[in-house]
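Working notes for the structure below.
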């Protein structure tokens, strides 16, 4: 190896320069990055939470199209202090009502949002407790529990996916039938923080969301389709977001319908028509139905 030695003007070797301490190898850059704020911070937290979630339950197609059960007594109209309430079923543990479109399921923020289905029910049945909800613009069957123990058992049934629900919707455009009786929409859904209360399909931060759907009929002349829906998961706005993601938003949907589907109906054409759940006392199947009003 060729080496070089520094010499002065007189030819004598110069003393060696003092060694300069070398920085220890640091590997990759460890400079801390600036703290994320706002939307970026929310997305990172959501992504971390999504990565930490356990594997989702396997999605199984419904075994039947329409739910069925023994016929119940005819519905009766109850008169609460704030207005009428259509009762579909009543016993010592369970209540079921037919929520109209445009009525809140539970109280919202503000004095103008205190009149709701649960408030009307509790004015007549003080022990009534909320078990699940429907969107403001969705109509159909809502079940309530009578007392804390019935509520706990019904909540457990929902958590274990022992409750079957069927919805009917009318959507924009002509859908093609799935390969089998049921098709599956499997798209993760997240809250759109910048446009709340809207939700959106988001592969990075969305929660697993699955909807089974069955094509009931297609009306080419009206450019619309009627579908039967069963949500496997229960995310906010799930059915509406999933159908919009397919390019077939629901008619009358003021949040997701866009300039074409939204003005085609004075109300959202989505109705919770059937529910089948184990009774919280004896466990026998309890079937409740509300006819589709459109």
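Residue numbers (my numbering): 1029 to 1322.
C-beta: ideal position from N, C-alpha, C; glycine also.
Small disclaimer: the values here were computed from a predicted structure and weren't measured.
- For the set 1140, 1151, 1136, 1183, the Cα lying nearest the Cα of residue 1159 is the one of 1183.
- Residue 1141 is classed as exposed because its beta carbon has fewer than 16 other beta carbons within 10 Å across all chains shown.
- In the displayed model, residue 1160 falls within coil according to three-state DSSP, outside both helix and strand.
- In this chain, the alpha helix (DSSP H) harbouring residue 1146 covers 1145 to 1152.
- The stretch 1285 to 1313 contains, as complete beta strand (DSSP E) runs of 3+ residues, the segments 1298 to 1306 (chain order).
- Residue 1266 carries a helical assignment under DSSP once its states are collapsed to helix, strand and coil.
- In this structure, residue 1165 lies near residue 1295, with their beta-carbon atoms less than 8 Å apart.
- By the beta-carbon neighbour count (other beta carbons within 10 angstroms, threshold 16), residue 1096 is exposed.
- Uninterrupted beta strand (DSSP E) stretches at least 3 residues long and entirely within the stretch 1169 to 1248 occur at 1192 to 1200, 1211 to 1214, 1217 to 1219, 1227 to 1229, 1238 to 1247, given in chain order.
- Put simply, the stretch 1173 to 1193 does not touch the stretch 1230 to 1243. Fewer than three CB pairs are less than 8 Å apart.
- In the three-state reduction of the DSSP assignment, residue 1124 falls in the strand class.
- For residue 1300, the closest C-alpha among the options 1245, 1105, 1256, 1313 is that of 1256.
- Residue pairing by DSSP places residue 1255 opposite 1197, 1243 in a beta bridge.
- In this structure, the alpha-carbon of residue 1155 lies about 43 Å from that of residue 1275.
- Only buried fits residue 1239, as 16 or more other CB atoms lie within 10 angstroms of its CB.
- For residue 1108, the enclosing beta strand (DSSP E) begins and ends at 1104 to 1108.
- Under the criterion of beta carbons closer than 8 Å, residue 1198 and residue 1254 qualify as touching, at roughly 5 Å.
- Within its own chain, the residues whose Cβ lies closer than 7 Å to the Cβ of residue 1134, once the five positions on either side in sequence are excluded, are 1144, 1146, 1158, 1161, listed in chain order.
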